[in-house]
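Data block below; observations after.
Numbering (this note's numbering), first residue to last: 8 to 411.
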């Protein structure tokens, strides 16, 4: 494919940049290597999960993820390799690719690095652009220029657009024949958390239809807001039960102490205690029981979100198990997922004990919580379909490469 004039000009200027040889101290693993690139570290988790699903379907595959220079490393599952993306000098891009020899690349926007993408294209590495909305150049000097963007987009084997509007915009930029598909946003996934079916049956029998809500992944500084919201709602629904799960299991004694100081009648699940008709708070600290709590709770407040700096927790844990979601404003690490759930009516933001109590009161009506839960399940299902589309296409590209 011939380069556009804009891309050629960009590459000419990139050759004038100072070259910095990329780090090659980490050995390339044997077998097929899937290269992931994510400009936004906060969205890296969704891309890594997609890559892990792909690797799970192909034995002996490994993952490499790169992020923009100067950005911190994302949180990595065991076995995933991270490295800063190389500089835009063509020599740096080629040295990076010669070392890692990736078999395919999944690029999560919005920022493009034309030298690196062009070098990968010349090596016939299949390139897939995900969640494309308004792609631009990462290099700020070139960011307002359209021609290098057009030339770079044309190098991707397939472009998955964030929306139909984005797909139409990209098609206008490229030729109509270039493969652009509206797939929807790439969202993080989460396997459905398991639970002990006997415990679930016995607990449902013990609760006998009592209304239940769940405070999940709670930081100690969030406990007061949750307990205050619970107290205000007990005036409206005196049988309401709160399940508490601290983010750190070692905080359970502190949670118990504070509940007892406030006069709450509690049961400790980890001590083998079942809630009875007088129990107001059920405390469970084992993270392996989260699947049980989501299943019995029509409403979940996702903690680690009222306190700045914690980044929130994955909202698809409760959404996949039919629980409506309340959450605080500090969910930077999962912002795209929460935003999508809010857009579909599956989640609602709260900011303090008062707003949490108000939101909880609205959701004590079973039909309202059920509507939100259904919307959440719809988002989970659509997200899985997007991932399946991408994985199938990458699988086909890898199969074709192996047989060529």
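Each residue gets a CB set at the ideal place from its N, CA and C atoms; glycine is no exception. Bear in mind that the values here come from a model prediction, so they are computed numbers and not experimental data.
- DSSP, reduced to helix, strand and coil, places residue 212 within a helical segment of the structure shown.
- Scanning its chain for C-beta atoms nearer than 8 Å, with the 5 sequence neighbours on each side dropped, one finds around residue 81 the residues 45, 48, 51, 52, 55, 72, 74, 89, in chain order.
- Going by DSSP, residue 165 is part of the beta strand (DSSP E) stretching over 165 to 168.
- For residue 407, the enclosing alpha helix (DSSP H) covers residues 373 to 410.
- Per the coordinates, the alpha-carbon of residue 123 lies some 40 Å from the alpha-carbon of residue 313.
- Distances from the alpha-carbon of residue 22 to those of 168, 96, 277, 86 put 96 closest.
- Between residue 119 and residue 142, the CB-CB gap stays under 8 Å.
- Annotated three-state conformation of residue 274 is strand, per DSSP.
- Excluding the 5 residues flanking it on each side, residue 207 has same chain C-beta neighbours closer than 8 Å at 299, 302, 303, in chain order.
- For residue 40 against residue 108, the beta-carbon gap comes to about 7 Å, under 8 Å, which counts as contact.
- Cβ-Cβ separation between residue 113 and residue 401: approximately 7 Å, consistent with a contact (criterion under 8 Å).
- Counting only runs of 4+ residues, the alpha helix (DSSP H) found wholly inside the segment 185 to 252 occupies 204 to 214, 230 to 241, in chain order.
- Bridge partners of residue 45 according to DSSP: 74, 115.
- The three-state secondary structure of residue 254, taken from DSSP, is coil.
- The bridge partners DSSP lists for residue 69 are 40.
- Beta-bridge partners of residue 89 (DSSP): 72.
- A straight line joining the alpha-carbon of residue 307 with that of residue 103 spans about 45 Å.
- Following the DSSP letters along the chain, one finds residue 28 in no alpha helix (DSSP H), marked with neither H nor E.
- Taking a cut-off of 8 Å on C-beta distances, the segment 22 to 39 touches the segment 62 to 69, as three or more cross pairs fall below it.
- Apart from the 5 residues on each side of it in sequence, residue 338 sits with its Cβ closer than 6 Å to the Cβ of 312, 319, 345 in its chain, given in chain order.
- Counting C-beta pairs closer than 8 Å gives three or more between the segment 375 to 395 and the segment 341 to 357, which meets the contact rule.
- The Cβ neighbour count for residue 131, taken over all protein chains shown within 10 Å, is under 16; the residue is labelled exposed.
- Taken atom to atom, the span from the alpha-carbon of residue 79 to that of residue 189 is near 31 Å.
- Secondary structure of residue 355 (DSSP, three-state): strand.
- A straight-line Cα-Cα distance of about 15 Å links residue 264 and residue 226.
- Shortest Cα-Cα distance from residue 342 to any of 86, 93, 17, 192 involves 192.
- Judged by DSSP in its simplified three-state form, residue 286 adopts coil rather than helix or strand.
- For residue 307, the uninterrupted beta strand (DSSP E) segment begins and ends at 306 to 309.
- Residue environment: residue 215 is assigned as exposed (fewer than 16 neighbouring CB atoms within 10 Å of its CB, all protein chains considered).
- Shown here, residue 132 sits in coil according to DSSP, grouped into three states, outside any helix or strand.
- Around the beta-carbon of residue 125, 16 or more other beta-carbon atoms lie within 10 Å, marking it buried.
- When C-beta atoms of the segment 329 to 337 are compared with those of the segment 275 to 290, fewer than three pairs fall below 8 Å, so the two segments do not count as touching.
- Distances from the alpha-carbon of residue 249 to those of 128, 219, 324 put 219 closest.
- Residue 369: not part of any beta strand (DSSP E); member of the alpha helix (DSSP H) spanning 360 to 370, first to last residue.
- In terms of CA proximity to residue 60, 197 leads the group 279, 254, 197.
- Per DSSP, residue 331 lies in no alpha helix (DSSP H); the unbroken beta strand (DSSP E) holding it starts and ends at 331 to 334.
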